[in-house]
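Down below is the structure, laid out as structure tokens.
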Amino acid sequence: MSIFQNLSTKCIRQSFVTCKFASRFSTQSKFQDTDQSHQTHFGYETVDENEKSEKVHEVFEKVASSYDKMNDAMSFGVHRIWKHLFMQRLNPPHGTELLDVAGGSGDIAFRFLEYLKNQENPDNVPSHVTVCDINEAMLNVGINRAKKLGYTDENQINWLLGDAEKLPIESDSFSAYTISFGIRNVTRIEKALDEAYRVLKPGGRFMCLEFSQVNNELLRQMYDSYSFTVIPVMGQIIAGQWKPYQYLVESIRKFPDQETFKKMIEDAGFRSVTYENLTFGVVAIHSGFKL
Amino acid sequence: MDYSPARATCWIHLHHNLYADSSDSSSSKNENVENFKSESVSPHDHSFVSSLSGDGEGEQRKRDSEYENDVKNKILEASLNFVAEHGWTKAAIVAGAQSVGYPGVVSEMFPLGGSNLVLYFYSVCNDHLREYLEERAEAESQDPDKQKSVKLFIYDAVETRLRMIIPYIDKWPQALATLTLSKAVPTALSNLLILVDDICYYAGDRSVDLDWYVRRIALAGIYKVTELYMLQDKSPDYEETWKFLKKQLDDAATMYSRIQQSEQASQLTKEISIATFTTARNILGLNWKR
Chain H
1 MSIFQNLSTK CIRQSFVTCK FASRFSTQSK FQDTDQSHQT HFGYETVDEN
51 EKSEKVHEVF EKVASSYDKM NDAMSFGVHR IWKHLFMQRL NPPHGTELLD
101 VAGGSGDIAF RFLEYLKNQE NPDNVPSHVT VCDINEAMLN VGINRAKKLG
151 YTDENQINWL LGDAEKLPIE SDSFSAYTIS FGIRNVTRIE KALDEAYRVL
201 KPGGRFMCLE FSQVNNELLR QMYDSYSFTV IPVMGQIIAG QWKPYQYLVE
251 SIRKFPDQET FKKMIEDAGF RSVTYENLTF GVVAIHSGFK L
Chain P
292 MDYSPARATC WIHLHHNLYA DSSDSSSSKN ENVENFKSES VSPHDHSFVS
342 SLSGDGEGEQ RKRDSEYEND VKNKILEASL NFVAEHGWTK AAIVAGAQSV
392 GYPGVVSEMF PLGGSNLVLY FYSVCNDHLR EYLEERAEAE SQDPDKQKSV
442 KLFIYDAVET RLRMIIPYID KWPQALATLT LSKAVPTALS NLLILVDDIC
492 YYAGDRSVDL DWYVRRIALA GIYKVTELYM LQDKSPDYEE TWKFLKKQLD
542 DAATMYSRIQ QSEQASQLTK EISIATFTTA RNILGLNWKR
């Protein structure tokens, strides 16, 4: 009991800090007044656009070391199933050149390589994945895991420090672009989508795994109370961090719902755009093609 | 019958123009067909095509979906060249996409994989048959000397259609198997109904009575049975198959005349046919208009 009291006092104190901190980092201006075009959300806070990226950077630096542990704890391990399904839906054939953006931890990249390893490859067609992340701490998490898993071949996987809104990559150079639990943290989502379109070859596929909106009213209430009361507490206990997880649950609520995001993907030029809800819409997989 | 396998293949390659033509056409028949076709390629486009309005945005969307369908058809068209090697599979679509300069991942645009390829082939063949029957019906109407009996017309139509499968006969059992996947069934069924309906229509059946149903169901049965017969037929130029087809049609005609003699049996047959047809139509969710 006392630990919870303790935590809740801490929470109140911290949420003040978060306000101040977050007032500089808010996200999508698109859904707000156009006059505030340089403002964006950082969780529930409204902040300047350039501050959001700093803030997000700070968040991920803090959580990098406990990233895996926290994901498992928060989602009861279900995030592994989501990522697995995501790879199933991508269903990459041999020869795929994948760009995984905001994938520092390597979660998607390793699944991609694993998936291809399990497919017959009589002609030995090589495939490749480039992991791009804006945060060096997250990239280091992935690089270390790659060493442990034995994925050290440069022809198979490489790591790139870069911003999803301004990819340091030539146009028309990848056949697939994935972003998993990453696009929510990007300041200008439209820019990231434009960049995705630019770097893909014609016929290339964009795929995004992201938290979305639960449509069932009852489930949503349960989900919300779980997110707001349990997740930050868990963050405090397991990772010793409250704010980043407070930010996490808030940013999920600020992210556009399935249909709105689908429209945004179409506006970037993608075709055959579809989405699929997983776990009642807690997360959704969006897919589109550059034709 | 001078309809050779080579000609069948070349008909298949003609289909691009045919797509363009039929989308411009305003006749109710072609509109109907166009809707089915877009459904066979992408289920999402169906409501889309029918909800098009004349405004600028609608036009734009129409152009977009046409462009999208063109790309899809181009990929599937190219994939047919790889059926002999890979069968009716996703691998064939991957190879086909790559052969026209797209990366293999684009194959996931076809959610049913190999079934999408079969359905595409089926509807393209139906288009070719329709064009062929149209020409024939017109030629016959202009020159009474060329006129054949309805039975002969149907026989010729079914043979023509079955010959289109010959280039793919080795892999056709697999194609039939993929059509039984639950998600492919509605389109496969609509393809079959369109096929028999086209044949009946051009054979001169404009009936509005209950025989309409009887004829189509009977013909669908004969077509499918003959198709299966053909798979194991090793005779030169599938002679046995055509004999089998002829016999089926003769039997059906005899049966039909006998049924008509007995009022009770005739009523029952009609009712069963209507029930079958309505069920099929409801599975498809179609408004059947002609």
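Protein chains in written order, with this note's numbering: chain H, 1 to 291; chain P, 292 to 581.
Each residue gets a CB set at the ideal place from its N, CA and C atoms; glycine is no exception.
Note that the structure is a prediction, hence the values are computed from the model and not measured.
* To do: Give the single residue among ILE189/H, GLY150/H, ASP172/H, THR260/H whose Cα lies nearest to the Cα of PRO202/H.
  => Mapped onto the first sequence, residue 202/H falls at position 202. It is ASP172/H.
* Buried/exposed call for GLN236/H, threshold 16 Cβ in 10 Å -> Residue numbering aside, residue 236/H sits at position 236 when the first sequence is read from its first letter. Per the 10 Å Cβ criterion, buried.
* Asked: Comparing the C-beta of PRO126/H with each C-beta of chain P, is any distance below 9 Å?
  -> Sequence index remark: in the first sequence, residue 126/H carries index 126 (1-based). No, its Cβ sits nowhere closer than 9 Å to a Cβ of chain P.
* To do: Rounded to whole angstroms, what's the CA-CA distance from TYR151/H to ILE157/H? Just pull it up for me.
  => Taking the first residue of the first sequence as position 1, residue 151/H is located at position 151. Taking the first residue of the first sequence as position 1, residue 157/H is located at position 157. Using only the alpha carbons, I get a separation of about 7 Å.
* To do: To the nearest angstrom, report how far apart SER557/P and GLN539/P are at their CA atoms.
  => Working through the second sequence from its first residue, we reach residue 557/P at position 266. Working through the second sequence from its first residue, we reach residue 539/P at position 248. Taking the straight line joining both Cα atoms gives about 19 Å.
* To do: Can you say whether ALA22/H is buried or exposed, counting buried as having 16 or more other CB atoms within 10 angstroms of its CB?
  => Residue 22/H sits at position 22 when you count from the first residue of the first sequence. Low confidence applies to ALA22/H: its pLDDT is 36, below 50, so where it sits in the model is not reliable, and the reading given next is rough at best. Per the 10 Å Cβ criterion, buried.
* **GLU210/H - partner residues in DSSP beta bridges** => Residue 210/H sits at position 210 when you count from the first residue of the first sequence. Answer is ALA284/H, bridged to GLU210/H.
* Asked: CA-CA distance, LEU200/H and ALA192/H?
  -> Translated into the one-based positions of the first sequence, residue 200/H becomes position 200. Translated into the one-based positions of the first sequence, residue 192/H becomes position 192. Whole-angstrom Cα-Cα distance: 12 Å.
* Chain-ordered neighbours of GLY269/H on chain P, where CB pairs are closer than 7 Å -> Sequence index remark: in the first sequence, residue 269/H carries index 269 (1-based). Those do not exist, as GLY269/H stays about 11 Å from chain P at its closest Cβ, beyond 7 Å.
* Asked: In the DSSP assignment, what are the bridge partners of ASP100/H?
  -> Stepping through the first sequence from its first residue, residue 100/H is reached at position 100. Answer is VAL131/H, THR178/H.
* Asked: So, does the CB of PHE568/P fall closer than 9 Å to a CB anywhere in chain H?
  -> Residue 568/P sits at position 277 when you count from the first residue of the second sequence. Judged by the 9 Å Cβ criterion, PHE568/P is not in contact with chain H.
* Short Cβ contact (9 Å threshold) for TYR275/H with LYS262/H -> Your numbering for residue 275/H matches position 275 in the first sequence. Your numbering for residue 262/H matches position 262 in the first sequence. Yes. Within cutoff.
* **6 Å Cβ shell around GLU530/P - same chain, five flanking residues per side excluded** => Your numbering for residue 530/P matches position 239 in the second sequence. Contacts found: none.
* **CA-to-CA distance, THR478/P to LEU209/H, given in whole angstroms** => Locating residue 209/H in the first sequence gives position 209, counting from the first residue. Locating residue 478/P in the second sequence gives position 187, counting from the first residue. Straight-line Cα distance between these residues: approximately 30 Å.
* Asked: Taking Cβ positions, are LEU149/H and VAL129/H nearer each other than 9 Å?
  -> The residue you call residue 149/H lines up with position 149 of the first sequence. The residue you call residue 129/H lines up with position 129 of the first sequence. No, these two residues do not count as a Cβ contact at 9 Å.
* As assigned by DSSP and simplified to three states, the class of GLU330/P -> Here residue 330/P refers to the residue found at position 39 when the second sequence is read from its first residue. Because the pLDDT at GLU330/P is just 39, under 50, the model does not fix this residue reliably, and the value given afterwards should be weighed accordingly. The answer is helix: DSSP assigns GLU330/P an H, G or I state.
* To do: Using the DSSP secondary-structure output, state which residues sit across from LYS62/H in a beta bridge.
  => The residue labelled residue 62/H in the question sits at position 62 within the first sequence. In the DSSP output, where bridge partners are listed per residue, LYS62/H has none listed.
* To do: Please check if any C-beta of chain P sits within less than 9 Å of the C-beta of HIS286/H.
  => Position 286 of the first sequence holds residue 286/H. Judged by the 9 Å Cβ criterion, HIS286/H is not in contact with chain P.
* Asked: Between which two residues does the alpha helix (DSSP H) harbouring GLN433/P extend?
  -> Stepping through the second sequence from its first residue, residue 433/P is reached at position 142. Counting along the chain, the alpha helix (DSSP H) containing GLN433/P begins and ends at 405-433.
* Distance between LEU85/H and PHE280/H (C-alpha atoms, nearest Å) -> Your numbering for residue 280/H matches position 280 in the first sequence. Your numbering for residue 85/H matches position 85 in the first sequence. Computed Cα separation, rounded: 15 Å.
* **Own chain residues within Cβ distance below 6 Å of VAL273/H, not counting five before or after** => Residue numbering aside, residue 273/H sits at position 273 when the first sequence is read from its first letter. Hits under 6 Å: LYS262, ILE265, GLU266, GLY288.
* Asked: Looking at C-beta atoms only, is the number of pairs between the region 119-137 of chain H and the region 87-107 of chain H that lie closer than 8 Å three or more?
  -> yes
* Asked: Does DSSP put LEU278/H in a helix, in a strand, or in coil?
  -> Your numbering for residue 278/H matches position 278 in the first sequence. Here LEU278/H sits in strand by DSSP.
* Can the beta-carbon of ARG198/H be found closer than 9 Å to that of SER175/H? -> Translated into the one-based positions of the first sequence, residue 198/H becomes position 198. Translated into the one-based positions of the first sequence, residue 175/H becomes position 175. Not in contact: ARG198/H and SER175/H (Cβ atoms no closer than 9 Å).
* Asked: Quick one: is PHE255/H buried, meaning 16 or more other Cβ sit within 10 Å of its Cβ, or exposed?
  -> Within the first sequence, numbered from 1, the residue matching residue 255/H stands at position 255. Under this definition PHE255/H is a buried residue.
* Would a C-beta distance cut-off of 9 Å place LEU420/P and ALA466/P closer than the cut-off? -> Taking the second sequence and counting its residues from 1, the one referred to as residue 420/P is at position 129. Taking the second sequence and counting its residues from 1, the one referred to as residue 466/P is at position 175. Going by C-beta atoms, LEU420/P is not nearer than 9 Å to ALA466/P.
* From LEU116/H to GLY162/H, what distance separates their C-alpha atoms? -> Position 116 of the first sequence, counted from the start, is the residue given in the question as residue 116/H. Position 162 of the first sequence, counted from the start, is the residue given in the question as residue 162/H. Cα to Cα, the separation comes out at about 26 Å.
* CB-CB under 6 Å to MET87/H, same chain, minus the five flanking residues each way: which ones, in chain order? -> Residue numbering aside, residue 87/H sits at position 87 when the first sequence is read from its first letter. Counting only Cβ-Cβ distances below 6 Å, and skipping sequence neighbours, we find ARG111, TYR115.
* Indicate whether LYS52/H and PHE42/H have their beta-carbon atoms separated by less than 9 Å. => By 1-based counting over the first sequence, the position of residue 52/H is 52. By 1-based counting over the first sequence, the position of residue 42/H is 42. Cβ atoms of LYS52/H and PHE42/H: closer than 9 Å.
* Asked: Three or more beta-carbon pairs under 8 Å between the region 449-458 of chain P and the region 502-509 of chain P, yes or no?
  -> no
* To do: Below 8 Å between beta carbons is the criterion; list the residues of the region 196-212 of chain H that meet it against any residue of chain P, in chain order.
  => LYS201, PRO202, GLY203, GLY204, ARG205
* Sequence-distant residues of the same chain with beta carbon closer than 8 Å to TYR547/P, five excluded per side -> Within the second sequence, numbered from 1, the residue matching residue 547/P stands at position 256. Here the set comprises VAL505, ALA509.
* Starting from the N-terminal side, write out each stretch of the alpha helix (DSSP H) that is 4 residues or longer and does not extend beyond the region 366-409 of chain P. => 374-377, 381-390
* Using a cut-off of 7 Å between C-beta atoms, extract the partners of LEU291/H located in chain P. => Start at 1 with the first residue of the first sequence, and residue 291/H comes out as number 291. Those are GLU359, VAL362, listed as they occur along chain P.
* To do: Express the C-alpha separation of TYR446/P and TRP463/P in angstroms, rounding to a whole number.
  => As a first step, residue 463/P is located in the second sequence; it is residue number 172 there, counting from the start. As a first step, residue 446/P is located in the second sequence; it is residue number 155 there, counting from the start. Whole-angstrom Cα-Cα distance: 21 Å.
* Measure from the alpha carbon of ASP418/P to the alpha carbon of each residue in GLY405/P, LEU486/P, PHE444/P, GLU431/P, then state which is nearest. => Taking the first residue of the second sequence as position 1, residue 418/P is located at position 127. Cα-wise, what sits closest to ASP418/P is LEU486/P.
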